[in-house]
Amino acid sequence: MAKASARHILVPSEDKANELKAQLGAGADFAEVAKSNSTCPSGRQGGDLGSFSPGQMVPEFDTVVFSAPLNTVQGPVKTQFGFHLIEVTSRQD
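Counting in the UniProt record's numbering, the sequence shown runs without a single skipped number right up to 93 at its last residue.
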């Protein structure tokens with residue numbers, strides 16, 4: 001069964017997500033940005049969500065995690081929770 005590991009940053013607005021994505025693109029540390037900005041409890045662990053299978057996350061999130069290239073920041077991705085920046089750190093098919 002497919003599995004992936006990812007980390008994310010969850011914020012309430014697309015503007016904030018784009019601002020943080022620009023910081024990441026300029027070399028900011030993903031974990032530090034997550035700890036400082038993410039509204040998800042995972043922010044305390046640098047946004048780390050651990051390992052999960054398809055169907056365990058909301059569909060919009062799953063689609064990105066199981067199709068995006070590894071180790072590149074994706075997003076903003078809008079879900080019912082807000083706007084996510086997602087980095088897939090590993091994936092097994």
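Just so it is clear, CB atoms sit at the ideal spot from N, CA and C, and this is done for glycine as well.
| Asked | Found |
| --- | --- |
| Selection from Q92, D15, G55 that minimises the alpha carbon distance to L85 | D15 |
| F83, DSSP secondary structure in three states | strand |
| Beta bridge counterpart(s) of L10 as assigned by DSSP | H84 |
| Three-state class that DSSP yields for T72 in the structure shown | coil |
| Sequence-distant residues of the same chain with beta carbon closer than 6 Å to C40, five excluded per side | L10 |
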